[in-house]
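In my numbering, the protein residues as written are 513 to 1055.
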């Protein structure tokens, strides 16, 4: 092979390497052959910039290498976190996973195996650094052989493409609706987005540090003292919002269900009080509402959720565990690892695989709500009171098939629900028409409410205090009103509900429409104030 052929081969191979680094996706769903068709706008900036720099390209090559290697590692971290946890990588909240990963390796391969694997990874990174630098320098040396005029032209074209990159980044960061450039500055845009998000994450973490340091309940070991050892069960009903009370599409059926539920509760010797909370979200992301209620802070997006997890802010469950309660999450929607659970204060986690369901799923819904509640009731008695969060999912989209109640003693292993799970229209059929979507939403929500109220009225020797609430309103075209308000019901023996007399909530299961709506974040402190001895300087409303 001639020297000229070798130079051309080196230029082509270096171009391919830099292109692959730039188009490497950061999400597993994007790892397809289609990704190879991406035209990276950064490629001519780097290549032509090196050509323009010529013999002075050494420093520029190191800077570009640093950028490419850093972003490659960041994308790989994103890929790993998406595969493991279904979300992106947050350098502020996820660095502890490096230590956890090293411990997992140590337990799987031993110390020598762990050292070998880490060493191999470092060698691969070092090799990639060298290859990337040399690939960039190939173009710098090629530029050094060109006339000065051609290098100036190359520099001018590189500037044009840099402006195109800036245009796309501005579009992504600011929602600018200007001209859409050809190609994609994916890697540069990802870097800009992460710089922006890093600043927002730092601000959120600082806010949560303040919230933790100013928390009057922090470190307390005597919460719920007024409950006299009574267990507390928090039941989230998926997509249960004010629309159930105000939208004529749902309100008539809902009123009948609420009235029947009140009768059943009264027959069981239980009372109910109801109010309104304002969820931080609508239409989805239920876990943000769960975290808001538990932490007493506004967890309105994933960034704030991660900041909460990385902070010392104590949730209802953390505080309860310190005060001698056993804390548990019953979460039939969780089918993957959930490392956030312990950080939120849950000592025991019952995910879908832990509940023993042997029936068929209801499309996305892993099991009907009745089975979830029956499985919780089968938990062995604890030697101390419990604080439990149960997140129900039968009223989660796609809202088909619609489950039906069976006698509680017939629930068994869940196979009794198999006929229901294969009945009714398909999601495609339901979602072909918006009126049909609303109809099936209303039916599944009604099932969830009937199920919870029937379960709450079951005979028990020592009834818990049950808090039933919605996580958020359904998406707006289904809700058609009600904002972000969700109903909340306190259900329990009259003596337990007397602790909440000064809340002014409506007796029964239908909160007055004119009742003040509390932010969901206010519930934690007000509930603690009603059920515990107040810390010095704290008022009964939690302020």
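Don't be surprised by glycine CBs; every beta carbon is placed ideally from N, CA and C. Just so we're clear, the structure is a prediction, and the values are computed from it rather than from any experiment.
ask   = What are the boundary residues of the alpha helix (DSSP H) that includes residue 988?
value = 988-991
inquiry  = Quick check on the burial criterion: 16 or more other C-beta atoms within 10 angstroms. Buried or exposed for residue 802?
reply    = buried
request  = Express the C-alpha separation of residue 626 and residue 1014 in angstroms, rounding to a whole number.
outcome  = Rounded to whole angstroms, residue 1014 to residue 626 spans 59 Å at the Cα level.
query = Would residue 999 be called buried (16 or more neighbouring beta carbons within 10 Å of its own) or exposed?
reply = buried
task = Establish whether the CB of residue 602 and some CB of chain C are separated by less than 8 Å.
result = Going by chain labels, chain C is absent from the structure shown, which holds only one protein chain.
query = Just reading off the alpha helix (DSSP H) that residue 775 is part of, what are its end residues?
reply = Here the alpha helix (DSSP H) through residue 775 covers 760-779.
request  = Run the CB neighbour count on residue 636, radius 10 Å, all protein chains shown included, and call it buried at 16 or more, exposed below.
outcome  = So residue 636 counts as exposed.
Simplified DSSP assignment, three categories, for residue 784 = Correct three-state label for residue 784: strand.
task = State the beta-bridge partners of residue 552 as determined by DSSP.
result = 696
query = Which parts of the region 947-1034 are runs of the alpha helix (DSSP H), unbroken and 4 residues or longer, counting only runs that do not cross its ends?
reply = 988-991 and 1006-1009
ask   = Taking only runs of the alpha helix (DSSP H) that begin and end inside the region 799-846, which ones reach a length of at least 4 residues, in chain order?
value = List check, alpha helix (DSSP H) in window: 814-821 and 828-834.
request  = Output yes or no for whether 8 Å exceeds the beta carbon distance between residue 1023 and residue 1030.
outcome  = no
key: 4 or more residues per run - each alpha helix (DSSP H) lying fully within the region 835-921   = Every alpha helix (DSSP H) stretch that sits fully inside the region 835-921 and reaches 4 residues is listed by chain position as 852-855 and 881-889.
task = From the DSSP output, in three-state form, read off residue 749 for me.
result = In this structure, residue 749 counts as strand in the three-state DSSP scheme.
task = Check whether the Cβ atoms of residue 807 and residue 827 sit closer than 8 Å, and answer yes or no.
result = yes
ask   = According to DSSP, is residue 932 helix, strand or coil?
value = helix
message = Helix, strand or coil for residue 789? Go by DSSP, reduced to three states.
response = strand
query = So what's residue 794 in DSSP terms, helix, strand or just coil?
reply = It is a strand residue.
Sequence-distant residues of its chain with Cβ nearer than 7 Å to residue 741 (five each side left out) = Around residue 741, the same chain offers 897 as residues with beta carbons nearer than 7 Å, after the five sequence neighbours per side are excluded.
ask   = Taking the alpha carbon of residue 956 as the point to measure from, which residue in 993, 907 and 942 has its own alpha carbon closest?
value = 907
request  = Output the distance between the C-alpha atoms of residue 1033 and residue 540, rounded to the nearest integer angstrom.
outcome  = 34 Å
message = Am I right that residue 677 and residue 557 are in contact with their C-beta atoms under 8 Å? What's the rounded C-beta distance?
response = 6 Å
query = In or out: residue 804 buried (at least 16 other Cβ within 10 Å) or exposed?
reply = buried
request  = Please work out which residues of its chain come closer than 8 Å, Cβ to Cβ, to residue 922, disregarding the five sequence neighbours upstream and downstream, and give them in chain order.
outcome  = 928
query = Shortest alpha-carbon distance to residue 1041 belongs to which of 942, 944 and 732?
reply = 732
ask   = Would DSSP call residue 641 helix, strand or coil?
value = helix
task = In angstroms with no decimal places, state the Cα-to-Cα distance between residue 562 and residue 648.
result = 7 Å
query = Can at least three beta-carbon pairs, one atom from the region 768-782 and one from the region 958-970, be found at a separation below 8 Å?
reply = yes
inquiry  = With distance defined between alpha-carbon atoms, name the residue in 756, 781, 780 and 779 nearest to residue 769.
reply    = Comparing Cα positions, the closest option is 756.
query = Below 8 Å between beta carbons: does that hold for residue 935 and residue 913?
reply = yes
message = DSSP three-state label for residue 744, please.
response = strand
ask   = In chain order, what residues of the same chain have a beta carbon less than 8 Å from the beta carbon of residue 916, not counting five sequence neighbours either side?
value = 932 and 959
Delimiting residues of the alpha helix (DSSP H) encompassing residue 659 = Premise fails: residue 659 is in no alpha helix (DSSP H) and is neither H nor E.
CB-CB length for residue 817 against residue 800, believed under 8 Å = 6 Å
ask   = Can we say the region 655-670 touches the region 580-589, given the rule of at least three CB pairs closer than 8 Å?
value = Output reads no: the region 580-589 does not touch the region 655-670.
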